[in-house]
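Asks:
2 protein chains.
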Amino acid sequence: MEKESLLLTIAVLGGTGKEGKGLAYRWAKAGYRVVIGSRFSEKAVTTASEIMQLLEGSSSVVGTTNLEAAQQADIAVLTVPYAAHRETLEGVKDALKDKLLIDVTSPLVPPKVSKVQMPAAGSAAQEAKEILGENVQVAAAFQNVSHELLLGEEEVECDVLVTGTSKNARTEALRLVEATGLIGWDAGPIENSVVVEGLTSVLININKLHGSSHAGIKITGVSKDS
Amino acid sequence: MEKESLLLTIAVLGGTGKEGKGLAYRWAKAGYRVVIGSRFSEKAVTTASEIMQLLEGSSSVVGTTNLEAAQQADIAVLTVPYAAHRETLEGVKDALKDKLLIDVTSPLVPPKVSKVQMPAAGSAAQEAKEILGENVQVAAAFQNVSHELLLGEEEVECDVLVTGTSKNARTEALRLVEATGLIGWDAGPIENSVVVEGLTSVLININKLHGSSHAGIKITGVSKDS
Chain A
1 MEKESLLLTI
11 AVLGGTGKEG
21 KGLAYRWAKA
31 GYRVVIGSRF
41 SEKAVTTASE
51 IMQLLEGSSS
61 VVGTTNLEAA
71 QQADIAVLTV
81 PYAAHRETLE
91 GVKDALKDKL
101 LIDVTSPLVP
111 PKVSKVQMPA
121 AGSAAQEAKE
131 ILGENVQVAA
141 AFQNVSHELL
151 LGEEEVECDV
161 LVTGTSKNAR
171 TEALRLVEAT
181 GLIGWDAGPI
191 ENSVVVEGLT
201 SVLININKLH
211 GSSHAGIKIT
221 GVSKDS
Chain B
1001 MEKESLLLTI
1011 AVLGGTGKEG
1021 KGLAYRWAKA
1031 GYRVVIGSRF
1041 SEKAVTTASE
1051 IMQLLEGSSS
1061 VVGTTNLEAA
1071 QQADIAVLTV
1081 PYAAHRETLE
1091 GVKDALKDKL
1101 LIDVTSPLVP
1111 PKVSKVQMPA
1121 AGSAAQEAKE
1131 ILGENVQVAA
1141 AFQNVSHELL
1151 LGEEEVECDV
1161 LVTGTSKNAR
1171 TEALRLVEAT
1181 GLIGWDAGPI
1191 ENSVVVEGLT
1201 SVLININKLH
1211 GSSHAGIKIT
1221 GVSKDS
């Protein structure tokens, strides 16, 4: 991660889903080189060309397999459903050596997705760290954002809480949050991921009770400048 | 809990701390009968008279032991440091039979209070439920509010996430949130308490990094009226 930020290549693994596509769009728009990864490279190529069309060709987005995307990446972002979390990580583990993984996964357990049910590791992000081992830094972010909003131009009224295995991991992840136009906050060590991932279930509960689809959170009472 | 709301007696156990005192003040101001409980009844009597002075005598606040407060209560609210959580609950267990306990505790483990470290039960509120047994309903609320703000008149810019062992427990607790002038949200089952309690550590981390003392959260993207 010694390169200038905008020379970095971001791999969005599972980037054909709406979560990954929205993030990929925002980063490509900000000038990053983006590689969409998928189990099926054709799907990734299609998503990449859709994003290029939205941006009228003025950006660098390509599509390939998750493995190739991870190999090309400086930073990888994981946006798969929790059911595919472990398998996807095991498939790209070697390619992520000495890199940063940003885990977007909320470990929802259908059908009770509004009830917090964490894996034995404590959270999806801690499970990712266990799978990837000592040579990979892990941060967690973006779990609470309605990602489909990211494909539009309207303001996304949701802050991003960022946890991570090191201060450096959180700082790098916070830079990518800023690049999407959202406000990010350092939410502490990776053990705090349970809060951020679990908040997704709380917001789903609030959405369900109030007939909404985009409940989010904002941090109050503190200025980013201080 | 069949009585009219404003005839209810609220016991604030550990109510001599700033957390409990702020809540007691707001509920007394709203017209509830409030009993402050403490390990030392003299301290509770002093706190009660301080609150009466703030309200110029126009309310009902008395002080006594935690046990007597729990006996007199329709609803009990627990505002002790986590170190006193189990002992306090065991001391009032019988007095809380068929009542609602609202647990305000965040299970912070000094010195690393900005790192989420939950008890084996999953959260303080779940631990309370384990201690109190089947005959007591438990809700959790107010962990993220800077309680000293409650003693003032300025707007507290922090929403309250409410979890609970039943819909009824959450509804009763949400009514008491409204009575404090804050905005409350049904955050789902008691298992979701890990999010709300853990959020306290996240907010402490944000306070520390940004030189603030009152970081809070607001729910966005959803209207209470819908």
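Those protein sequence lines, which keep their order, are chains A and B. Residue numbering for the first sequence follows this note's numbering, starting at 1 and increasing by one per position. Residue numbering for the second sequence follows this note's numbering, starting at 1001 and increasing by one per position. The beta-carbon is built from N, C-alpha and C at its ideal position, and this holds for glycine as well.
Whether or not the stretch 128–136 of chain A and the stretch 107–117 of chain A are in contact is what I'm after, with contact meaning three or more pairs of Cβ atoms, one per stretch, closer than 8 angstroms; do they touch?
Replies: Not touching, per the Cβ criterion.
Asks: Is the distance from the Cβ of alanine 1140 of chain B to the Cβ of serine 1193 of chain B below 8 angstroms?
Replies: Yes, these two residues count as a Cβ contact at 8 angstroms.
Asks: If distances are taken between C-alpha atoms only, which option among B:Ser1041, B:Asp1074, B:Gln1053 and B:Ser1123 comes closest to lysine 1099 of chain B?
Replies: It is B:Asp1074.
Asks: Between glycine 198 of chain A and chain B, is there a C-beta pair that is closer than 8 angstroms?
Replies: Chain B contact via Cβ: present.
Asks: Listing by chain order, which chain A residues have their CB less than 8 angstroms from the CB of isoleucine 1280 of chain B?
Replies: With chain B covering only 1001 through 1226, there is no way to say anything about residue 1280 of chain B.
Asks: Are the stretch 1202–1222 of chain B and the stretch 206–219 of chain A touching by the rule of at least three beta carbon pairs closer than 8 angstroms?
Replies: Segments in contact, yes.
Asks: What residues match up with valine 1035 of chain B in a beta bridge as DSSP calls it?
Replies: DSSP output for valine 1035 of chain B lists B:Ala1011 and B:Val1062 as bridge partner(s).
Asks: Residue range of the alpha helix (DSSP H) that threonine 171 of chain A falls in?
Replies: It spans 167–179 - the alpha helix (DSSP H) in which threonine 171 of chain A sits, taken as one unbroken run.
Asks: Can you list, in chain order, the residues of its chain with a C-beta nearer than 7 angstroms to that of glycine 1091 of chain B? Leave out the 5 residues immediately preceding and following it.
Replies: Same-chain partners within the cutoff: Asn1066 and Leu1067.
Asks: For leucine 151 of chain A and proline 119 of chain A, I'd like the C-alpha separation in whole angstroms.
Replies: Straight-line Cα distance between these residues: approximately 30 angstroms.
Asks: Assuming valine 162 of chain A and alanine 173 of chain A form a contact by the criterion Cβ under 8 angstroms, report the distance between their Cβ atoms to the nearest whole angstrom.
Replies: Indeed, because the Cβ distance is near 5 angstroms, the residues count as touching under 8 angstroms.
Asks: Sort out for me which residues DSSP pairs glycine 188 of chain A with in a bridge.
Replies: A:Thr163.
Asks: Is it right to say alanine 1083 of chain B is buried, meaning 16 or more other beta carbons lie within 10 angstroms of its own, or is it exposed?
Replies: So alanine 1083 of chain B counts as exposed.
Asks: Given threonine 1016 of chain B, which residues of its chain have a CB within under 7 angstroms of its CB, disregarding the five upstream and five downstream residues?
Replies: Result list for threonine 1016 of chain B: Ile1036, Ser1038, Lys1043, Ala1044 and Thr1047, in chain order.
Asks: Considering only residues of the same chain and omitting the five flanking positions on each side of glutamate 2 of chain A, which have a CB-CB separation below 6 angstroms?
Replies: Note that glutamate 2 of chain A has pLDDT 48, beneath the 50 cutoff, so the model's placement of it is unreliable and no number is given.
Asks: Flag lysine 1115 of chain B as yes if its beta-carbon sits less than 8 angstroms from any beta-carbon of chain A, otherwise no.
Replies: Yes, contact with chain A.
Asks: If you count every other CB in all the chains shown that lies within 10 Å of the CB of asparagine 168 of chain A, and 16 or more means buried, which is it?
Replies: The residue in question, asparagine 168 of chain A, is exposed, as its Cβ has fewer than 16 Cβ neighbours within 10 Å.
Asks: CB-CB under 7 angstroms to valine 1116 of chain B, same chain, minus the five flanking residues each way: which ones, in chain order?
Replies: Cβ neighbours of valine 1116 of chain B beyond the five flanking positions: Gly1198 and Ser1201.
Asks: When DSSP labels each residue in this structure, what does aspartate 1103 of chain B get in the three-state scheme?
Replies: Three-state DSSP puts aspartate 1103 of chain B in a strand.
Asks: By the criterion of Cβ-Cβ separation under 9 angstroms, what are the contact partners of glycine 216 of chain A in chain B?
Replies: Ile1219, Thr1220, Gly1221 and Val1222, listed in chain order.
Asks: Which of helix, strand or coil does DSSP assign to valine 1109 of chain B?
Replies: Note: valine 1109 of chain B maps to coil in three-state DSSP.
Asks: Closer than 9 angstroms by beta-carbon distance: list the chain A residues that pair up with serine 1212 of chain B, in chain order.
Replies: By Cβ distance, chain A contributes Gly221, Val222, Ser223 and Ser226.
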